[in-house]
Amino acid sequence: MGSFLSRSVLARVVPFVLFMVMLALRGHVPADGSWGVDPRWLYGASVLVVSGSLLFFWRDYQELARGTLPAAKELVLAVIVGVVVFYLWVNLAQPWMMLGEATASFRPVDSEGRIEWGLVAVRWVGAALMVPVMEELFWRSYLMRWVDNPDFVKLDPRAVTLKAVALSTVVFMLAHTQWLAAILAGLAYAWLYKRTGSLWAPILAHAVTNGVLGVWVVLYGNWQFW
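Counting in our numbering, the sequence shown runs from 94 upward without gaps.
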C-alpha cells in the first residue's frame, strides 16, 4: 500500500502545498504596501518556489517523461476542451455561482490605472505554464487515482471510477471561488485524463484555459478573474 510519505506522494503534494501557502500569505499582506512589500510580486516568488519544487521532483513524474504525449488528435481535443472551459469560466460568474471572494486579488495596474507589464508577464507565465502542471499532478495524477487506490501510481488513469472523478472534482471545486465553473472544469480535465490515459492532455487543456483567460483579462481589464 502506498505511503503518505512516499516520494511519489510528496512529488505531487509538496508543490501544491507550497503554492497554497504562498497564496494565503499574499492574502494577508496589505495591498497598500504598508509592510514594505507589494503582495502582487509575491506571486512571482510563488512561481519561482513552486517551479523549483517541480524541477526538483521532475524525475519522479514518469507520466510526463519523453514519449508520453498523447496522439495528435487527442492534443487537438485537449485544446478544444481548454477553450470551452475558458468560455464557461468567464460566463459562469454570477453571484450565486461564487464561493465567497478570492483569497488574494491580482490587479497589475499602477495608481494611475496604467498596466504594469512586468506583473502581467509574471502572472501569465505562472497561470498558463506553472499552475497547469502543478495542479494536474495533484488533482488528477494523485488525488483522483488515490481515491481508488492508495498505491495510485499503479493505477491506469483510464481505469479510475466515477466515484474517484466525482470526489476529486468536489475537492477541486472547494479550492476555487467559482464553484460551478470549477466543477465543470474539473470534470472536463478528469475526462481528458481518463479518456487519453495521458496527464499531458489535461495539462494542455488547463494551460489553454488559463492562457486564453489571461489574454482576455488583460484585453478587457476584467481583473476579477485573476
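All C-beta atoms in this analysis are idealised placements derived from N, C-alpha and C, irrespective of residue type, glycine included.
Taking the CA atoms as reference points, Val218 sits about 10 Å from Asn303.
Runs of the alpha helix (DSSP H) lying entirely within the segment 178-239 and spanning at least 4 residues, in chain order: 210-218, 224-229. Secondary structure note for Lys287: its alpha helix (DSSP H) is the uninterrupted segment 272-289. Under the DSSP assignment, Tyr136 falls in the alpha helix (DSSP H) whose first and last residues are 132-149.
Residue state for Ser101 is assigned as helix, using DSSP reduced to three classes. Gly120 and Thr196 have their C-alpha atoms roughly 5 Å apart. Rounded to the nearest whole angstrom, the C-alpha separation of Trp232 and Ser261 is 7 Å. Bounds of the alpha helix (DSSP H) holding Leu297 are 293-313. For Ser139, the closest alpha carbon among the candidates Ser127, Val310, Glu156, Val114 is that of Val114. Boundaries cannot be given for Phe318, as no alpha helix (DSSP H) includes it and DSSP labels it neither H nor E. Exclusion of the five residues before and after Pro163 leaves Thr289, Ser291, Trp293, Ala294 as the residues of its chain whose Cβ lies within less than 7 Å of its Cβ.
Spatial neighbours of Val213 in its own chain (CB-CB distance under 7 Å, excluding positions within 5 residues in sequence) are listed in chain order as Pro201, Val311. The three-state reading of DSSP puts Leu260 in helix, counting H, G and I together.
The shortest C-alpha to C-alpha distance from Trp319 to any of Ala220, Gly145, Val264 is the one to Ala220. Residue environment for Tyr136: buried (at least 16 other C-beta atoms within 10 angstroms of its C-beta). Lys287 and Ile208 have their C-alpha atoms spaced approximately 40 Å apart.
In the three-state scheme derived from DSSP, where H, G and I count as helix and E and B as strand, His121 is classed as helix. In terms of Cα proximity to Ala274, the closest of Glu167, Trp182, Ser99, Val106 is Trp182. The beta carbons of Ala283 and Gly175 sit no closer together than 8 Å. When C-alpha distances from Ala268 are compared across Val308, Leu192, Pro250, the shortest belongs to Leu192.
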